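K.L.:
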Amino acid sequence: MLIHKKTRPILSSLSLPSPIKKYFSPDKWDIDLSSNTNPHLGHFAEYPDVQHTQLKEIYLDRILSINPPASFKKDNSSGLSPDNLLFTVGSMEGLDLLLRTFAEPNTDVICIGHPTFPAYEHWALIHTLKVKKIPLLGEDLNTLSIEDIVKINPKMVFLCNPNNPTGTKLDPKLIETLCESLDGFVVVDEAYIEFSDISSSIFNLNKYSNLIVLRTFSKAWGLAGVRCGVIISDKSVIHALRHVQLPFGFSSFSQAKVRERLFDTEETFLSWKRIEKNRDELIATLLTLKEVIKIFKSHTNFIMLVLKDFRKVMGLLKKHKILVLDCSSSIPNSIRVSLGNEKQNMKFLEVMREASGSLKEDPRPMLI
Ligand SMILES: Cc1ncc(COP(=O)(O)O)c(C=O)c1O
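Basically the working numbering = 1-based index in the sequence shown + 42.
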């Protein structure tokens, strides 16, 4: 397969890294004496699989069954196959890998929604790329100016759906219009999508060759310690990424843990329902408290609150040794709070009650 035409120029002269070439060769062998490993010490003595065909098939089966659009047929009208997927060391590696493969240092421009997950800007700056922040607009921050992005003509746009730290979701038409309007890539980070009712952008991959979806096992799948992310895109994008990815990052141990989780999904799916219920109950109670000015409509396992007296609440949380994320540099007086277990949520609520004193006399609907 020819290398993708949007890759960095250096890639046109490079082939796959030598340790992984054999895995993609059409030749077959019974005895592999090419890796200098120790044959006497069992399964983990071998390098991990790099194709993960069966694991990718199971993962696809699981994610295609979550909130499919009405037009989606059970016979997999998405057209996705294992060749459209690449496992990474968390989705953090995924976004770094995309930049290293496609964005030319000191030349290309990257657009990111704002406010959003700070890692997009961080890694883009490390790659000496120019970063343009495009403000999220609307009462519930569900859109942004496509015109502004088109004028910039970026190599990549990073959008997070649902968004971190606001927890809000994007207008689905926005992503499609961006894909149609741009020559560059539209990267949709769906790290939290399993907690939402959003129909994933994976269902549009057959329409747009410049669309890239990032997923992770760190959030809803409960495997942050295992370090596994997934890039889902056109086959030519995945093929290019293989030339740049450090070989063997997805260890045999991690592969076994991911496989286990994908085969037995009952507990995982129940935990998503439990988090959703806890989130809605916590929001309902927080809305009655004087210290809470606003709560963004969350489609994730965290909530963003705007506080009346930021310093007082942060001081009390610190006194009770509860850590939340200070987001006041993006949205004044705001914090992001992850849903913990029931006991932890209760403790947080107690501190918020202590900070607020009495209830609001007339709780206004402030959920936006
Ligand atoms: C939006 C978003 N993307 C990606 C990540 C990183 O995930 P991973 O653990 O897979 O690297 C996070 C983690 O907080 C996140 O919030």
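C-beta atoms are modelled at their ideal positions from N, C-alpha and C, and glycine is treated no differently.
Please read all numbers here as calculations on a predicted model, not as lab measurements.
Ligand 1 heavy atoms versus the CB of PHE292: any closer than 6 Å?
P.N.:
Because no heavy atom of ligand 1 lies under 6 Å away, the Cβ of PHE292 does not count as near it: no.
K.L.:
Mind checking which residues open and close the alpha helix (DSSP H) that includes HIS281?
P.N.:
Run containing HIS281: 277-284, per the alpha helix (DSSP H) assignment.
K.L.:
According to DSSP, simplified to helix, strand and coil, what is PHE227?
P.N.:
Three-state result, PHE227: strand.
K.L.:
Does the structure place the region 120-135 close enough to the region 252-264 that three or more beta carbon pairs sit under 8 Å?
P.N.:
Cβ pair count under 8 Å is three or more, so yes.
K.L.:
Is PHE338 near ligand 1, going by C-beta to nearest heavy atom under 6 Å?
P.N.:
No - ligand 1 has no heavy atom lying nearer than 6 Å to the Cβ of PHE338.
K.L.:
Given 8 Å as the limit, is there contact between the region 262-277 and the region 59-78, that is, 3 or more CB pairs closer than that?
P.N.:
Flag = no, the region 262-277 and the region 59-78 do not touch.
K.L.:
Evaluate contact between the region 222-234 and the region 89-100, counting only Cβ atoms and requiring at least three cross-stretch pairs below 8 Å.
P.N.:
They do not touch, by the three-pair rule.
K.L.:
Let me check understanding here. Comparing Cα to Cα, which of SER77, THR143, VAL366 lies closest to GLN386?
P.N.:
Residue VAL366 is the option with its Cα nearest to GLN386.
K.L.:
Quick one: Cα of SER398 to Cα of ASP91, how far?
P.N.:
Near 54 Å, if we compare the C-alpha coordinates of ASP91 and SER398.
K.L.:
Given a cut-off of 7 Å, decide if ILE188 and LEU220 are closer than it, judged by their beta-carbon atoms.
P.N.:
Yes, the pair counts as a contact, with Cβ atoms nearer than the cut-off.
K.L.:
Spatial neighbours of ASP276 within its chain, please: C-beta separation below 6 Å, excluding the five flanking residues on both sides.
P.N.:
Answer for ASP276: SER251, listed in chain order.
K.L.:
Less than 6 Å between the CB of ASN14 and some heavy atom of ligand 1, yes or no?
P.N.:
One cannot answer for residue 14 here, as it falls past the ends of the chain, which runs 43 to 410.
K.L.:
Quick one: is TYR65 buried, meaning 16 or more other Cβ sit within 10 Å of its Cβ, or exposed?
P.N.:
Looking at its Cβ environment, which holds fewer than 16 other Cβ atoms inside 10 Å, TYR65 is exposed.
K.L.:
Report the CB separation of ARG50 from THR143 in whole angstroms; it is logged as a contact under 8 Å.
P.N.:
7 Å between Cβ atoms; contact.
K.L.:
In this structure, how does DSSP classify THR258 when only helix, strand and coil are distinguished?
P.N.:
Three-state result, THR258: strand.
K.L.:
Tell me whether the beta-carbon of ASN184 lies closer than 7 Å to the beta-carbon of ASP231.
P.N.:
Against a cut-off of 7 Å, the Cβ pair of ASP231 and ASN184 comes out as no contact.
K.L.:
Under the rule that 16 or more other beta-carbon atoms within 10 Å means buried, what is PRO244, buried or exposed?
P.N.:
According to the sequence provided, residue 244 is Ile. The question's Pro does not apply to it. Result: buried.
K.L.:
Determine the direct distance from the alpha carbon of SER376 to that of PRO61, and round the result to whole angstroms.
P.N.:
The alpha-carbon atoms of PRO61 and SER376 are separated by roughly 48 Å.
K.L.:
Enumerate in chain order the residues of its own chain whose CB-to-CB distance from GLU392 is below 6 Å, with the five nearest sequence positions on each side excluded.
P.N.:
For GLU392, where only same-chain residues beyond five positions count, there are no Cβ hits under 6 Å.
K.L.:
Do the CB positions of MET388 and PRO207 come within less than 7 Å of each other?
P.N.:
In this structure, PRO207 does not lie closer than 7 Å to MET388 by Cβ.
K.L.:
Give the secondary structure of PRO407 by DSSP, where H, G and I count as helix, E and B as strand, and everything else as coil.
P.N.:
Reliability fails at PRO407, whose pLDDT of 49 lies under 50, so the model's placement of it is uncertain and the value that follows must be treated cautiously. PRO407 falls in the coil class under three-state DSSP.
K.L.:
Closer than 7 Å by C-beta to PRO407: which residues in its own chain qualify, once you throw out the five before and the five after it? Chain order, please.
P.N.:
A caution first: PRO407 carries a pLDDT of 49, below 50, which makes its placement in the model too unreliable to give a value.
K.L.:
Which same chain residues end up closer than 8 Å to PRO160 when comparing Cβ atoms and leaving out the 5 residues on each side of it in sequence?
P.N.:
The answer is none, since no qualifying residue turns up.
K.L.:
Of all the options THR158, ASN148, ILE191, ILE152, which has the alpha carbon lying nearest to the alpha carbon of HIS170?
P.N.:
Note on identity: in this sequence residue 170 is Thr, with His being the wrong assignment. Here the closest residue by C-alpha is ASN148.
K.L.:
Where are the beta strand (DSSP E) runs, 3 residues long or more, that stay fully inside the region 56-143, in chain order?
P.N.:
You should have 127-130.
K.L.:
Whole angstroms is fine: what's the gap from HIS46's alpha carbon to HIS281's?
P.N.:
The alpha-carbon atoms of HIS46 and HIS281 are separated by roughly 8 Å.
K.L.:
Considering only residues of the region 188-222, which uninterrupted beta strand (DSSP E) runs meet the minimum length of 3 residues and lie entirely inside it, listed in chain order?
P.N.:
Listed in chain order, they are 198-202.
K.L.:
Does the distance from the C-beta atom of ILE235 to that of SER241 stay below 7 Å?
P.N.:
Not closer than 7 Å, so no.
K.L.:
Where do the N-terminal and C-terminal ends of the beta strand (DSSP E) with MET394 fall, by residue?
P.N.:
Segment 384-398 is the alpha helix (DSSP H) holding MET394; no beta strand (DSSP E) there.
K.L.:
In chain order, what residues of the same chain have a beta carbon less than 6 Å from the beta carbon of GLN287, not counting five sequence neighbours either side?
P.N.:
Excluding sequence neighbours, GLN287 sits near LEU139.
K.L.:
Between which residues of its own chain and PRO59 is the CB-CB distance below 6 Å, once the five residues before and five after are set aside?
P.N.:
The answer, listed in chain order, is PRO289.
K.L.:
Under a criterion of Cβ closer than 6 Å to any non-hydrogen atom of ligand 1, which residues qualify, in chain order?
P.N.:
The answer, residue by residue, is GLY132, SER133, MET134, PHE159, CYS202, ASN206, ASP231, ALA233, THR258, SER260, ALA266, GLY271.
K.L.:
Are there 16 or more other CB atoms within 10 angstroms of the CB of PHE311, so buried, or fewer, so exposed?
P.N.:
Looking at its Cβ environment, which holds fewer than 16 other Cβ atoms inside 10 Å, PHE311 is exposed.
K.L.:
Helix or strand or just coil, what does DSSP make of ARG321?
P.N.:
Here ARG321 sits in helix by DSSP.
K.L.:
In the structure shown, what three-state DSSP assignment does VAL173 receive?
P.N.:
In this structure, VAL173 counts as strand in the three-state DSSP scheme.
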